[in-house]
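Participant:
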Amino acid sequence: MLLLAPLSAGCSADMSELTCADIAREAISLSNGEIISINNRKETSRTDDRAVCHGTALTKGGGETPVRFLAFRDDDGEVLIKYDDDEHQRLVDLESEKLEAREAEKATAEMQKAVDDAMDDARHEAYAAAR
1343 MLLLAPLSAG
1353 CSADMSELTC
1363 ADIAREAISL
1373 SNGEIISINN
1383 RKETSRTDDR
1393 AVCHGTALTK
1403 GGGETPVRFL
1413 AFRDDDGEVL
1423 IKYDDDEHQR
1433 LVDLESEKLE
1443 AREAEKATAE
1453 MQKAVDDAMD
1463 DARHEAYAAA
1473 R
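So for the sequence shown, this note's numbering puts the first residue at 1343; every next one is plus one.
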(Lines of atoms letter the chains of each structure in order from A and count residues from 1; the text may use other names and numbers.)
(Lines give C-alpha, C1' and ligand atoms only; values in the text may rest on other atoms or scores of the structure.)
Protein backbone atom coordinates (compact mmCIF):
# COMPACT_ATOMS: atom_id res chain seq x y z
CA MET A 1 0.00 0.00 0.00
CA LEU A 2 1.48 3.35 -1.03
CA LEU A 3 -0.59 6.50 -1.40
CA LEU A 4 0.35 10.10 -2.07
CA ALA A 5 -1.75 13.28 -2.18
CA PRO A 6 -1.50 17.04 -1.66
CA LEU A 7 -2.07 18.45 1.82
CA SER A 8 -5.73 19.38 2.32
CA ALA A 9 -6.69 23.04 2.33
CA GLY A 10 -7.37 23.19 6.07
CA CYS A 11 -3.83 22.26 7.13
CA SER A 12 -0.87 24.55 7.58
CA ALA A 13 1.67 24.33 4.76
CA ASP A 14 4.37 25.37 7.23
CA MET A 15 6.31 22.14 7.75
CA SER A 16 7.44 23.23 11.24
CA GLU A 17 3.80 23.45 12.38
CA LEU A 18 2.74 20.01 11.13
CA THR A 19 2.51 17.39 13.87
CA CYS A 20 2.26 13.62 13.53
CA ALA A 21 -1.40 13.98 14.52
CA ASP A 22 -1.95 16.38 11.59
CA ILE A 23 -0.15 14.09 9.16
CA ALA A 24 -1.99 11.03 10.51
CA ARG A 25 -5.36 12.78 9.97
CA GLU A 26 -4.35 13.50 6.37
CA ALA A 27 -3.15 9.91 5.83
CA ILE A 28 -6.41 8.50 7.24
CA SER A 29 -8.37 10.73 4.87
CA LEU A 30 -6.14 9.65 2.01
CA SER A 31 -6.84 5.97 2.75
CA ASN A 32 -10.50 6.28 1.62
CA GLY A 33 -11.79 4.49 4.70
CA GLU A 34 -9.20 1.69 4.74
CA ILE A 35 -7.55 3.12 7.86
CA ILE A 36 -9.75 3.92 10.86
CA SER A 37 -7.03 5.40 13.07
CA ILE A 38 -3.28 5.59 13.53
CA ASN A 39 -2.16 4.95 17.10
CA ASN A 40 1.23 5.04 18.82
CA ARG A 41 2.28 7.91 16.56
CA LYS A 42 5.93 8.85 16.82
CA GLU A 43 7.98 11.37 14.85
CA THR A 44 11.08 9.61 13.53
CA SER A 45 12.73 12.40 11.55
CA ARG A 46 12.23 16.02 10.55
CA THR A 47 13.93 18.51 8.25
CA ASP A 48 12.79 21.87 6.90
CA ASP A 49 11.10 20.06 3.98
CA ARG A 50 10.08 16.71 5.46
CA ALA A 51 8.41 15.26 8.58
CA VAL A 52 8.35 11.47 8.96
CA CYS A 53 6.22 9.59 11.50
CA HIS A 54 5.54 5.95 12.30
CA GLY A 55 2.61 4.37 14.07
CA THR A 56 0.15 1.51 14.08
CA ALA A 57 -2.78 1.70 11.66
CA LEU A 58 -6.09 0.19 12.68
CA THR A 59 -7.72 -0.96 9.45
CA LYS A 60 -11.42 -1.20 8.64
CA GLY A 61 -11.11 -4.98 8.79
CA GLY A 62 -10.00 -4.73 12.41
CA GLY A 63 -6.36 -5.51 11.75
CA GLU A 64 -3.36 -3.55 12.90
CA THR A 65 -0.31 -2.86 10.79
CA PRO A 66 2.81 -0.76 11.22
CA VAL A 67 2.64 2.32 8.98
CA ARG A 68 4.96 5.14 7.96
CA PHE A 69 3.31 8.46 7.14
CA LEU A 70 4.98 11.68 6.15
CA ALA A 71 4.61 15.18 4.82
CA PHE A 72 7.16 16.60 2.43
CA ARG A 73 7.65 19.56 0.14
CA ASP A 74 8.02 18.67 -3.54
CA ASP A 75 10.11 20.52 -6.14
CA ASP A 76 7.21 22.93 -6.80
CA GLY A 77 6.96 23.83 -3.10
CA GLU A 78 3.68 21.96 -2.59
CA VAL A 79 3.33 19.94 0.63
CA LEU A 80 2.36 16.34 -0.07
CA ILE A 81 1.21 13.59 2.28
CA LYS A 82 2.34 10.02 1.78
CA TYR A 83 1.80 6.83 3.70
CA ASP A 84 2.90 3.27 3.21
CA ASP A 85 3.09 0.19 5.32
CA ASP A 86 6.42 -0.83 6.77
CA GLU A 87 6.52 -3.94 4.56
CA HIS A 88 6.41 -1.75 1.44
CA GLN A 89 9.20 0.43 2.81
CA ARG A 90 11.22 -2.65 3.81
CA LEU A 91 10.98 -3.93 0.22
CA VAL A 92 11.97 -0.52 -1.17
CA ASP A 93 14.96 -0.42 1.19
CA LEU A 94 15.93 -4.00 0.27
CA GLU A 95 15.88 -3.19 -3.46
CA SER A 96 17.97 -0.10 -2.80
CA GLU A 97 20.50 -2.16 -0.83
CA LYS A 98 20.66 -4.75 -3.62
CA LEU A 99 21.28 -2.02 -6.20
CA GLU A 100 24.03 -0.49 -4.05
CA ALA A 101 25.63 -3.93 -3.60
CA ARG A 102 25.58 -4.57 -7.38
CA GLU A 103 27.12 -1.15 -8.02
CA ALA A 104 29.81 -1.83 -5.39
CA GLU A 105 30.57 -5.24 -6.94
CA LYS A 106 30.84 -3.65 -10.38
CA ALA A 107 33.17 -0.92 -9.08
CA THR A 108 35.30 -3.55 -7.31
CA ALA A 109 35.52 -5.64 -10.48
CA GLU A 110 36.49 -2.56 -12.52
CA MET A 111 39.20 -1.64 -10.00
CA GLN A 112 40.51 -5.21 -9.97
CA LYS A 113 40.69 -5.20 -13.78
CA ALA A 114 42.58 -1.90 -13.70
CA VAL A 115 45.04 -3.35 -11.17
CA ASP A 116 45.43 -6.54 -13.22
CA ASP A 117 45.99 -4.50 -16.41
CA ALA A 118 48.59 -2.35 -14.65
CA MET A 119 50.36 -5.46 -13.32
CA ASP A 120 50.37 -6.99 -16.83
CA ASP A 121 51.80 -3.76 -18.26
CA ALA A 122 54.49 -3.68 -15.57
CA ARG A 123 55.39 -7.34 -16.20
CA HIS A 124 55.65 -6.69 -19.96
CA GLU A 125 57.82 -3.64 -19.38
CA ALA A 126 60.06 -5.57 -16.97
CA TYR A 127 60.35 -8.45 -19.42
CA ALA A 128 61.17 -6.07 -22.30
CA ALA A 129 63.78 -4.26 -20.18
CA ALA A 130 65.37 -7.57 -19.16
CA ARG A 131 65.96 -8.62 -22.80
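Backbone N, C-alpha and C fix where the C-beta goes; we use that ideal spot for every residue, glycine too. On a predicted model such as this, the values are computed, not experimentally measured, just so you know.
In this structure, what does DSSP give as the bridge partners for Arg1388?
Facilitator: For Arg1388, which the question treats as bridged, DSSP gives the partners Ala1393.
Participant: Let me know the secondary structure DSSP gives Arg1473 once reduced to three states.
Facilitator: Arg1473 falls in the coil class under three-state DSSP.
Participant: Which residue wins for smallest C-alpha separation from Gly1405, given the options Ala1413, Ala1363, Asn1381 and Leu1412?
Facilitator: Taking only the C-alpha atoms, the option nearest Gly1405 is Asn1381.
Participant: Where do the ends of the alpha helix (DSSP H) carrying Leu1372 lie?
Facilitator: Segment Cys1362 to Leu1372, the alpha helix (DSSP H) holding Leu1372.
Participant: Provide the residue span of the beta strand (DSSP E) that contains Asp1356, from first to last.
Facilitator: No beta strand (DSSP E) contains Asp1356, which DSSP labels as neither H nor E.
Participant: Can you give the Cα-Cα distance for Phe1411 and Lys1440, rounded to whole angstroms?
Facilitator: Their backbone Cα atoms lie some 24 Å apart in a straight line.
Participant: Is Arg1388 near Ala1363, with beta carbons less than 8 Å apart?
Facilitator: No, these two residues do not count as a Cβ contact at 8 Å.
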